[in-house]
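To start, the structure under review is shown below, and the notes come after it.
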Amino acid sequence: MEAHTHNLDSGWSWKERDFGVASVLDEVPSRATPEALPSTWASAQAFPSEVHVELLKAERIPDPFIGFNEHKVQWIAEREWLWLSSFPFSSRGDNGKVELCFEGLDTFCDVYLNNRKILAADNMFRSFIVPLDVTTLQDQNNQLLLHFKSAKKIAKDLEEKYGRVRAGSTNLGDPSRVYVRKAQYGWRWDWGPELMTCGPYRPVSLITYAARFSSVYPRAIVSHAPVLSPLLKVDIALAGVLTAPESARFILRNSRNKTVIREEDVPLSISYHDREKLEINDAISWDLRDLVELWWPVGYGKQTLYEMEVVLLTQDSNVLDRQIQRIGFRRVELVQEPLREPDQYGQGSTFLFEVNGVRMFMGGSNWIPADSFLTELTPERYRAWLTLMRDGNQNMVRLWGGGVYEPDIFYDICDELGLLVWQDFQFACGVYPAHDAFVASVKAEAEDNVKRLRHHPSIALFCGNNEDYQQVLQWGGIGELPARLIYESVLPAVVSELTDPAIPYHRGSPYGGKGWDTADPTVGDIHQWDVWAGRERPWQEYGQMGGRFVRRVLIRLLESHLVDECSLLPSEFGIPSIPDIRTVNYWLAENEDQRWAQSKLMAQHNRAGNHERRFAIVMNENFRLTGDLETFAHL
Numbered sequence: 001m002e003a004h005t006h007n008l009d010s011g012w013s014w015k016e017r018d019f020g021v022a023s024v025l026d027e028v029p030s031r032a033t034p035e036a037l038p039s040t041w042a043s044a045q046a047f048p049s050e051v052h053v054e055l056l057k058a059e060r061i062p063d064p065f066i067g068f069n070e071h072k073v074q075w076i077a078e079r080e081w082l083w084l085s086s087f088p089f090s091s092r093g094d095n096g097k098v099e100l101c102f103e104g105l106d107t108f109c110d111v112y113l114n115n116r117k118i119l120a121a122d123n124m125f126r127s128f129i130v131p132l133d134v135t136t137l138q139d140q141n142n143q144l145l146l147h148f149k150s151a152k153k154i155a156k157d158l159e160e161k162y163g164r165v166r167a168g169s170t171n172l173g174d175p176s177r178v179y180v181r182k183a184q185y186g187w188r189w190d191w192g193p194e195l196m197t198c199g200p201y202r203p204v205s206l207i208t209y210a211a212r213f214s215s216v217y218p219r220a221i222v223s224h225a226p227v228l229s230p231l232l233k234v235d236i237a238l239a240g241v242l243t244a245p246e247s248a249r250f251i252l253r254n255s256r257n258k259t260v261i262r263e264e265d266v267p268l269s270i271s272y273h274d275r276e277k278l279e280i281n282d283a284i285s286w287d288l289r290d291l292v293e294l295w296w297p298v299g300y301g302k303q304t305l306y307e308m309e310v311v312l313l314t315q316d317s318n319v320l321d322r323q324i325q326r327i328g329f330r331r332v333e334l335v336q337e338p339l340r341e342p343d344q345y346g347q348g349s350t351f352l353f354e355v356n357g358v359r360m361f362m363g364g365s366n367w368i369p370a371d372s373f374l375t376e377l378t379p380e381r382y383r384a385w386l387t388l389m390r391d392g393n394q395n396m397v398r399l400w401g402g403g404v405y406e407p408d409i410f411y412d413i414c415d416e417l418g419l420l421v422w423q424d425f426q427f428a429c430g431v432y433p434a435h436d437a438f439v440a441s442v443k444a445e446a447e448d449n450v451k452r453l454r455h456h457p458s459i460a461l462f463c464g465n466n467e468d469y470q471q472v473l474q475w476g477g478i479g480e481l482p483a484r485l486i487y488e489s490v491l492p493a494v495v496s497e498l499t500d501p502a503i504p505y506h507r508g509s510p511y512g513g514k515g516w517d518t519a520d521p522t523v524g525d526i527h528q529w530d531v532w533a534g535r536e537r538p539w540q541e542y543g544q545m546g547g548r549f550v551r552r553v554l555i556r557l558l559e560s561h562l563v564d565e566c567s568l569l570p571s572e573f574g575i576p577s578i579p580d581i582r583t584v585n586y587w588l589a590e591n592e593d594q595r596w597a598q599s600k601l602m603a604q605h606n607r608a609g610n611h612e613r614r615f616a617i618v619m620n621e622n623f624r625l626t627g628d629l630e631t632f633a634h635l
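Set out below in structure tokens:
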């Protein structure tokens with residue numbers, strides 16, 4: 001029996017929870033097919049999906065990105081929502097295993113199978129695998145019900161239980177968000193709207209198997225420079241009904257032309273005690289000198305990739321399972337060592353990346369979720385944005401901590417384009433808790449995502465949080481940061497234990513200096529917002545406002561004067577702007593009376609603090625003033 005994954009991506013229906021019905025199970029007619037459901041159920045137009053997306057496609061809500069419509073859809077976050085589907089199951093009578101896999105449930109979701117509760121999910125960033133009792137499954141019409149509760153209400157309940165904390169300014173959402181493992185931008189941010197959605201936003205599948213790989217970790221190891229010798233080791237973990245003798249076949253191919261580079265069958269020694277679960281480290285160890293090429297960031301060499309296929313075989317060479325992962329051979333290090341000589345900021349240490357023995361200039365962008373509704377993103381949209389970065393001479397993307405861990409396709413594209421990835425864990429601008437249940441959930445979340453991402457050659461750094469240390473220092477009056485336990489103990493331990501070769505870990509962004517002095521330009525990285533916000537200094541002073549995360553900036557002024565600042569600039573900085581006038585025209589719609597830079601509708605679509613006054617300052621200092629919106633947006 002070969003392992004099979006059946007995607008449950010069709011036949012879904014959804015509805016709003018009716019609290020006039022005592023039990024959520026009573027909202028589902030017994031053994032009803034999608035065609036026989038009451039009219040209160042609507043057919044899902046897509047899957048995976050989210051409630052806002054379904055409501056939009058059903059024309060039950062206005063476009064929240066137009067005009068003031070954002071305010072008209074806030075009720076959605078206060079309600080509860082149901083998704084329903086059914087699937088057949090054919091038992092093959094061979095003592096096989098069956099599991100349901102949920103790759104992403106946003107966020108508080110009770111899952112029922114045939115009227116029996118099998119899961120209570122409470123973390124958007126986790127995947128959940130639920131073993132099923134085969135005897136409870138029917139040949140046809142196994143009903144799967146997903147009950148999504150209001151994260152907004154639950155967050156307030158948790159705040160009532162644990163206490164109100166600080167979590168940024170009012171344009172960074174309600175502080176209760178820190179108690180919920182959900183994308184923080186959903187509560188609104190200074191760059192986006194408050195659109196707190198829910199739903200099965202990543203795939204749901206049914207897995208059947210006799211024995212399968214529960215984990216395959218190809219460890220592409222490169223020795224220290226100048227030798228840079230490539231070595232491949234593979235760790236595997238098995239689950240199911242394991243019977244000896246069995247073997248695993250390892251095949252390494254060039255990802256581009258599929259040429260087989262090396263292949264080996266390895267017998268598996270399975271004892272009586274291992275018959276349900278088995279872990280084997282270093283199942284193979286291959287010296288690949290002269291057989292493979294190194295992977296390089298864009299601008300430094302080729303992005304050579306390889307496919308590692310692992311096949312689980314029975315004694316009769318029947319296939320039980322197979323997995324393929326794409327890898328690249330590279331060595332990445334975060335170099336923090338004392339400066340040989342003091343610079344303009346004094347003595348301190350470096351903060352730079354070294355790949356394959358080469359210390360590199362890092363120029364890049366911070367990445368926020370590219371859509372408020374994650375299921376609307378396609379591989380084509382991801383590729384277009386990331387290709388734009390590469391073509392703009394960028395070689396690193398930082399995934400910001402108030403969003404999500406992106407899907408696999410994002411990191412696949414980064415591997416192909418040669419973009420290094422700085423991956424924040426998902427914490428942003430808040431005093432997060434550290435009670436036992438919260439820490440346990442975060443630990444499981446970190447393990448899920450580190451295991452999922454660690455084989456990508458583009459992953460250069462895992463970072464504990466975005467601006468949590470900095471926010472505490474800026475506000476003052478906060479005696480402790482409970483989540484230091486997470487940033488300084490739990491997360492680094494997960495990264496250390498699960499990555500080999502080791503992927504660097506940094507406690508936070510920004511982080512460095514004595515007593516977490518996140519503004520210290522001599523240690524770690526900094527976020528420099530004293531041009532747009534803070535002290536509101538002229539942008540021409542960027543060259544004197546840097547830190548140890550180095551970027552060389554060439555600034556071309558309108559008068560074609562070239563300023564070469566050789567600047568030390570931070571991991572986060574910038575100035576917000578009005579978007580292209582075509583985007584402005586889209587959200588203005590029929591509201592022509594709002595077509596001016598300081599109108600209420602323009603403010604509705606720009607959450608940056610005091611943006612009207614700050615835009616005016618920057619415009620006044622650098623351009624002729626204008627009342628024309630098109631010219632204002634262009635400048």
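So in the UniProt record's numbering, spot 500 of the sequence shown is number 500, and the numbers just go up one at a time. By construction, the Cβ of each residue, glycine as well, lies at the ideal position given by its N, Cα and C atoms. For clarity, every value in this text was computed on a predicted model and none was experimentally measured.
Next item on the list: Determine the closest residue to Thr-197 out of Asp-106, Val-111, Ile-503 and Glu-612, with distance taken between C-alpha atoms.
Entry: Position 197 of the sequence shown, counting from 1, holds the residue named residue 197. Nearest option by C-alpha distance: Asp-106.
Check: Val-21 to Val-73, Cα distance in whole Å?
Finding: Numbered from 1 along the sequence shown, position 21 holds the residue referred to as residue 21. Numbered from 1 along the sequence shown, position 73 holds the residue referred to as residue 73. C-alpha separation (whole angstroms): 24 Å.
Check: Taking the runs of the beta strand (DSSP E) that are 3 residues or longer, which of them lie wholly in the segment 277-339?
Finding: Considered as a whole, the segment 277-339 harbours 277-287, 306-313, 319-327 and 332-335 as its complete beta strand (DSSP E) runs of no fewer than 3 residues, in chain order.
Notebook entry, point to check: Taking buried to mean at least 16 other C-beta atoms within 10 Å of its own C-beta, is Ile-503 buried or exposed?
Noted result: Here residue 503 refers to the residue found at position 503 of the sequence shown. Buried, since its Cβ has 16 or more Cβ neighbours within 10 Å.
Item checked: Gln-474 - containing alpha helix (DSSP H), residue span -> Position 474 of the sequence shown, counting from 1, holds the residue named residue 474. Here the alpha helix (DSSP H) through Gln-474 covers 468-475.
Margin query: Considering only the alpha carbon of each residue, which of Ile-61, Gly-11, Phe-65 and Asn-114 lies closest to Pro-29?
Written below: If you number the sequence shown from 1, residue 29 lands on position 29. For the residues Ile-61, Gly-11, Phe-65 and Asn-114, the minimum Cα distance to Pro-29 belongs to Asn-114.
Checklist line | Terminal residues of the beta strand (DSSP E) in which Thr-208 lies | finding: Here residue 208 is taken as the residue at index 208 of the sequence shown, counted from 1. Run containing Thr-208: 204-209, per the beta strand (DSSP E) assignment.
Check: Where are the beta strand (DSSP E) runs, 3 residues long or more, that stay fully inside the segment 366-429, in chain order?
Finding: List check, beta strand (DSSP E) in window: 396-399 and 420-424.
Next item on the list: Report buried or exposed for Val-319, applying the criterion of at least 16 other Cβ atoms within 10 angstroms of its Cβ.
Entry: The residue you call residue 319 lines up with position 319 of the sequence shown. By the neighbour-count criterion, in which a residue is buried when 16 or more other Cβ atoms sit within 10 angstroms of its Cβ, Val-319 is exposed.
Note to self: Let me confirm a value: Gln-423 is counted as buried when at least 16 other C-beta atoms fall within 10 Å, else exposed. Which label applies?
What the structure shows: Along the sequence shown, read from residue 1 onward, the residue named residue 423 stands at position 423. Burial is judged here by how many other beta carbons sit within 10 angstroms of a residue's own beta carbon; Gln-423 has at least 16 and is buried.
Note to self: Give me the DSSP bridge partner(s) of Tyr-487.
What the structure shows: Position 487 of the sequence shown, counted from the first residue, corresponds to residue 487. DSSP output for Tyr-487 lists no bridge partner at all.
Next item on the list: Using 10 angstroms around the beta-carbon of Arg-556, count the other beta-carbons present and answer buried if the total reaches 16, otherwise exposed.
Entry: Position 556 of the sequence shown, counted from the first residue, corresponds to residue 556. Unreliable placement is indicated for Arg-556, whose pLDDT of 31 sits below 50; no coordinate value is reported for it.
Check: Among Ala-446, Ser-509 and Gln-528, which one has its Cα closest to the Cα of residue 637?
Finding: Since the first residue of the chain shown is 1 and the last is 635, residue 637 is not available in this structure.
Item checked: Nearest to Pro-218 (by Cα), restricted to the options Gln-474, Gly-192, Pro-501 and Ser-85 -> Taking the first residue of the sequence shown as 1, we reach residue 218 at position 218. Taking the Cα of Pro-218 as reference, the smallest distance to any Cα among Gln-474, Gly-192, Pro-501 and Ser-85 is reached at Pro-501.
Notebook entry, point to check: Which one of Lys-97, Ser-223 and Trp-367 has the shortest CA to CA distance from Glu-333?
Noted result: Within the sequence shown, the letter at position 333 stands for residue 333. Of the candidates Lys-97, Ser-223 and Trp-367, the residue whose Cα lies closest to the Cα of Glu-333 is Ser-223.
Margin query: In this structure, how does DSSP classify Phe-615 when only helix, strand and coil are distinguished?
Written below: In the sequence shown, counting from the first residue as 1, residue 615 sits at position 615. Here Phe-615 sits in helix by DSSP.
Next item on the list: Inspect the beta-carbon positions of Leu-469 and Tyr-505 and report whether they are closer than 8 Å.
Entry: Taking the sequence shown and counting its residues from 1, the one referred to as residue 469 is at position 469. Taking the sequence shown and counting its residues from 1, the one referred to as residue 505 is at position 505. Note on identity: in this sequence residue 469 is Tyr, with Leu being the wrong assignment. Their beta carbons are not under 8 Å apart, which means Tyr-469 does not touch Tyr-505 by this criterion.
Notebook entry, point to check: In whole angstroms, what is the alpha-carbon distance linking Gly-513 and Asp-520?
Noted result: Taking the sequence shown and counting its residues from 1, one reaches residue 513 at position 513. Taking the sequence shown and counting its residues from 1, one reaches residue 520 at position 520. Answer to the nearest angstrom: the Cα atoms are 5 Å apart.
Item checked: The beta strand (DSSP E) enclosing Tyr-112, as first and last residue numbers -> Taking the sequence shown and counting its residues from 1, the one referred to as residue 112 is at position 112. In the DSSP annotation of this structure, the continuous segment of the beta strand (DSSP E) that includes Tyr-112 starts and ends at 109-113.
Notebook entry, point to check: Looking at C-alpha atoms only, which residue of Arg-126, Ile-76 and Val-618 is the closest neighbour of Val-204?
Noted result: By 1-based counting over the sequence shown, the position of residue 204 is 204. The option with the nearest alpha carbon to Val-204 is Arg-126.
Check: What span of residues does the beta strand (DSSP E) with Gly-247 cover, start to end?
Finding: Working through the sequence shown from its first residue, we reach residue 247 at position 247. The sequence given here places Ser at residue 247; Gly does not occur at that position. Judged by DSSP secondary structure, Ser-247 falls within the beta strand (DSSP E) whose first and last residues are 246-254.
Next item on the list: Kindly list the residues whose CB is nearer than 6 Å to the CB of Leu-137, restricted to its own chain and excluding five residues on each side of it in sequence; keep chain order.
Entry: Position 137 of the sequence shown, counted from the first residue, corresponds to residue 137. Closer than 6 Å at the Cβ level, and outside the excluded window around Leu-137, lie Phe-89.
Check: Is the beta carbon of Gln-303 less than 8 Å from the beta carbon of Asp-408?
Finding: One-based indexing of the sequence shown puts residue 303 at position 303. One-based indexing of the sequence shown puts residue 408 at position 408. 8 Å or more divides the Cβ of Gln-303 from the Cβ of Asp-408.
Checklist line | Coil, strand or helix - Lys-182 by DSSP | finding: The residue you call residue 182 lines up with position 182 of the sequence shown. In the three-state scheme derived from DSSP, where H, G and I count as helix and E and B as strand, Lys-182 is classed as coil.
Next item on the list: Taking Trp-539 as the reference, give the member of Gly-508, Pro-576, Arg-548 and Asp-517 with the closest Cα.
Entry: Within the sequence shown, the letter at position 539 stands for residue 539. Considering only alpha carbons, the answer is Pro-576.
Next item on the list: Indicate whether the contact test is met: 3 or more Cβ pairs, each with one atom in the segment 174-182 and one in the segment 54-72, closer than 8 Å.
Entry: By the criterion of at least three beta-carbon pairs nearer than 8 Å, the segment 174-182 is not in contact with the segment 54-72.
Next item on the list: Would you kindly work out how many angstroms separate the C-alpha atoms of Val-553 and Leu-352, rounded to a whole number?
Entry: For the purposes of this step, residue 553 is taken as residue 553 along the sequence shown, with counting starting at 1. For the purposes of this step, residue 352 is taken as residue 352 along the sequence shown, with counting starting at 1. In this prediction, Val-553 has a pLDDT of 33, which is less than 50 and means its spatial position is unreliable; what the coordinates show is noted afterwards. The alpha-carbon atoms of Val-553 and Leu-352 are separated by roughly 16 Å.
Next item on the list: Could you check what DSSP says for Phe-438 in three-state terms: helix, strand or coil?
Entry: For the purposes of this step, residue 438 is taken as residue 438 along the sequence shown, with counting starting at 1. Correct three-state label for Phe-438: helix.
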